[in-house]
DNA sequence: CTTATATTTTCGAACATTCGCATATGCGAG
DNA sequence: CTCGCATATGCGAATGTTCGAAAATATAAG
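Protein chains in written order, with my numbering: chain F, 19 to 143; chain W, 19 to 143.
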């Protein structure tokens with residue numbers, strides 16, 4: 019029954035998609051609502067085209083969706099639970115990071131799990 | 019506060035580690051208990067050295083641990099919950115696969131979540 | 001010591017991803 | 001139509017990953 023293998027392959031695609039620090043941060047950014055490309059690029063301090071490229075990957079994998087409003091392309095998570103799922107992954111990071119910097123994890127967990135945190139007052143226009 | 023970025027990077031490492039179909043299948047194999055390299059290689063139909071290589075990656079990331087018994091290297095998941103976590107990832111695969119083969123997912127979920135399923139009566143003792 | 005078995009390590013080639021930069025597209029304003 | 005802004009796309013270079021085959025290590029047995 020090689021179907022399991024097919025599922026494992028698809029699943030691996032998802033994991034790979036989330037296997038990039040910037041993409042994780044982008045998902046984290048979108049956790050509290052939709053944002054346009056420029057806003058994400060600015061908050062994350064990344065060149066604009068790269069953000070766009072990452073987003074198109076996430077879009078291809080049906081992790082985010084695009085909505086256009088004028089000339090802005092506004093993205094949002096299709097399934098916000100994916101962010102919760104990522105937070106759960108923190109459990110496995112814990113052990114490794116503890117050696118280096120224990121507080122970082124707790125900070126991250128707090129930032130990612132509290133509902134009313136907002137790092138984006140950066141409405142650029 | 020670049021700590022979040024550091025955590026995202028570590029987290030990405032974990033995701034990348036699990037972002038490979040064979041490694042997912044290996045974790046799945048180890049879900050029901052420890053196994054030696056040869057047994058995994060046989061069940062998964064993979065060349066022996068590759069299994070070893072994947073295992074060393076997973077070991078480096080503290081996902082599996084090794085125990086030696088005679089000439090066998092027996093591996094087991096350090097945190098079995100990681101397997102549960104992977105199963106949760108299936109939720110995000112669902113939509114994509116549905117088009118191709120809906121049953122595959124259900125099968126996979128069943129195989130991965132039932133506690134006493136065993137697809138490998140081929141105990142190579 | 002020699003042989004057989006189990007696993008790991010090494011190495012180069014094939015392949016995939018990420019990056020930065022330049023250019024293209026889409027859209028609204030004038 | 002032309003300009004300027006927001007985003008996307010294309011492309012080559014740098015970098016990272018996976019692969020198969022060969023060689024190295026370790027352990028047990030004779």
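Ideal placement from N, C-alpha and C gives every residue a C-beta, glycine not left out. Here the structure is a predicted model, which means the values were calculated and not measured.
So, with DSSP's three-state summary, where would you put residue 52 (chain F)?
Residue 52 (chain F): coil per DSSP, three-state reduction.
According to DSSP, is residue 91 (chain F) helix, strand or coil?
Looking at residue 91 (chain F) - three-state DSSP - the assignment turns out to be strand.
Kindly say whether residue 64 (chain F), judged by its beta-carbon, lies nearer than 8 Å to any beta-carbon of chain W.
Not an interface residue.
In chain order, what residues of the same chain lie with their CB nearer than 7 Å to the CB of residue 30 (chain W), ignoring the 5 residues before and after it?
Taken in chain order, the list of residues that qualify is empty.
Indicate whether at least one CB of chain F lies closer than 8 Å to the CB of residue 25 (chain W).
At least one chain F Cβ lies under 8 Å of residue 25 (chain W).
Between residue 106 (chain F) and residue 39 (chain W), how many whole angstroms is the CB-CB distance? I'm expecting something under 8 Å.
Residue 106 (chain F) to residue 39 (chain W), Cβ: 21 Å. No contact.
On the criterion of 16 or more Cβ atoms from any shown chain inside 10 Å, does residue 121 (chain W) qualify as buried, or is it exposed?
Residue 121 (chain W) comes out exposed.
If you follow the alpha helix (DSSP H) that residue 38 (chain W) is part of, which residue opens it and which one closes it?
Counting along the chain, residue 38 (chain W) falls outside any alpha helix (DSSP H), and DSSP gives it neither H nor E.
Which value, in whole angstroms, describes the spacing of the CA atoms of residue 57 (chain F) and residue 129 (chain F)?
Spanning the two alpha carbons is a distance of roughly 18 Å.
When you compare the CB of residue 34 (chain F) with every CB in chain W, is at least one pair closer than 8 Å?
True, the Cβ-Cβ gap to chain W drops below 8 Å.
Please compile the residues from chain F whose C-beta is within a distance smaller than 9 Å of the C-beta of residue 69 (chain W).
Near residue 69 (chain W) there are no residues of chain F at all, since even the closest Cβ is about 15 Å away, more than 9 Å.
Taking DSSP as the reference, what is the three-state secondary structure of residue 86 (chain F)?
Residue 86 (chain F) falls in the strand class under three-state DSSP.
Going by beta carbon distance, what residues of the same chain come within less than 7 Å of residue 32 (chain W), once the five residues before and after it are set aside?
Closer than 7 Å at the Cβ level, and outside the excluded window around residue 32 (chain W), lie 79.
Report yes or no: do three or more beta-carbon pairs, one from the region 43–58 of chain W and one from the region 97–114 of chain W, lie closer than 8 Å?
Yes, the region 43–58 of chain W is in contact with the region 97–114 of chain W.
With 9 Å as the limit, tell me which residues of the region 84–98 of chain F have their beta carbon closer than that to any beta carbon of chain W; keep them in chain order.
Listed by position, the residues of the region 84–98 of chain F near chain W (Cβ gap below 9 Å) are 96, 97.
Please tell me whether residue 52 (chain W) has its Cβ less than 8 Å away from any Cβ of chain F.
No, its Cβ sits nowhere closer than 8 Å to a Cβ of chain F.
Could you list which residues in chain W have their beta carbon closer than 9 Å to that of residue 30 (chain F), in chain order?
By Cβ distance, chain W contributes 36, 37, 38, 39, 40, 41, 42.
Taking the straight line between their C-alpha atoms, what separation do you get for residue 61 (chain W) and residue 42 (chain W)?
If you take the alpha carbons of residue 61 (chain W) and residue 42 (chain W), they lie about 14 Å apart.
Identify the contact partners of residue 18 (chain F) in chain W, using a Cβ-Cβ distance below 7 Å as the criterion.
Missing from the structure shown is residue 18 (chain F); chain F here goes from 19 to 143 and no further.
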